[in-house]
Amino acid sequence: KFRAIESFWRYYSGAKVAPWPTVIIGGNHEASNYMLELFHGGWVAPNIYYLGMAGVVRFGGLRIGGISGIWKSHDYRKGHFERPPYDRSSIRSAYHVRE
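Each residue of the sequence shown is one higher than the one before, counting from 79 in my numbering.
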């Protein structure tokens with residue numbers, strides 16, 4: 079199911095707009111190649127802000143922080159070496175948390 083585009087493309091294309099400001103992080107089912115284009119964060123769609131690989135923002139008096147990805151100890155100290163075109167290994171490691 080995670081290989082299907084589902085409904086986010088409607089927001090990404092601007093066909094739909096999130097009804098309120100939304101802050102997101104990346105996990106292991108997002109399109110890593112698109113998320114890495116905004117490594118330090120940014121607007122991915124109208125009203126949807128991506129925190130990047132790690133980030134903190136202030137919104138309405140709240141401080142919101144997040145880290146994108148999943149923990150894999152063997153990749154933690156490697157840095158982000160993955161670049162398109164991804165092979166079978168790097169497509170899986172691109173979303174691992176790094177120091």
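Quick reminder that beta carbons are idealized off the backbone N, C-alpha and C, glycines included.
Note that the structure is predicted; figures quoted are calculated from it, not measured.
(message) Does the contact criterion of 3 or more C-beta pairs under 8 Å hold for the region 152-161 versus the region 118-129?
(response) no
(message) Pairs of beta-carbons, one from the region 92-112 and one from the region 126-142, closer than 8 Å: are there three or more?
(response) yes
(message) If I measure Cβ to Cβ from LYS150 and keep anything under 8 Å in the same chain, skipping five residues before and after, which residues do I get?
(response) Position 72 of the sequence shown, counted from the first residue, corresponds to residue 150. Once the five neighbours on either side are set aside, the close Cβ partners of LYS150 are SER171, HIS174, VAL175.
(message) Run through the DSSP bridge pairs and tell me what ALA123 is partnered with.
(response) Start at 1 with the first residue of the sequence shown, and residue 123 comes out as number 45. According to DSSP, ALA123 bridges with ILE126.
(request) Look at the alpha carbon of GLY143 and the alpha carbon of ARG136, and state the distance between them as a whole number of angstroms. (result) Position 65 of the sequence shown, counting from 1, holds the residue named residue 143. Position 58 of the sequence shown, counting from 1, holds the residue named residue 136. Whole-angstrom Cα-Cα distance: 9 Å.
(request) Compare the C-alpha of GLU108 against each of TRP87, ALA96, SER91, LEU140 and name the closest. (result) For the purposes of this step, residue 108 is taken as the residue at position 30 of the sequence shown. Taking only the C-alpha atoms, the option nearest GLU108 is TRP87.
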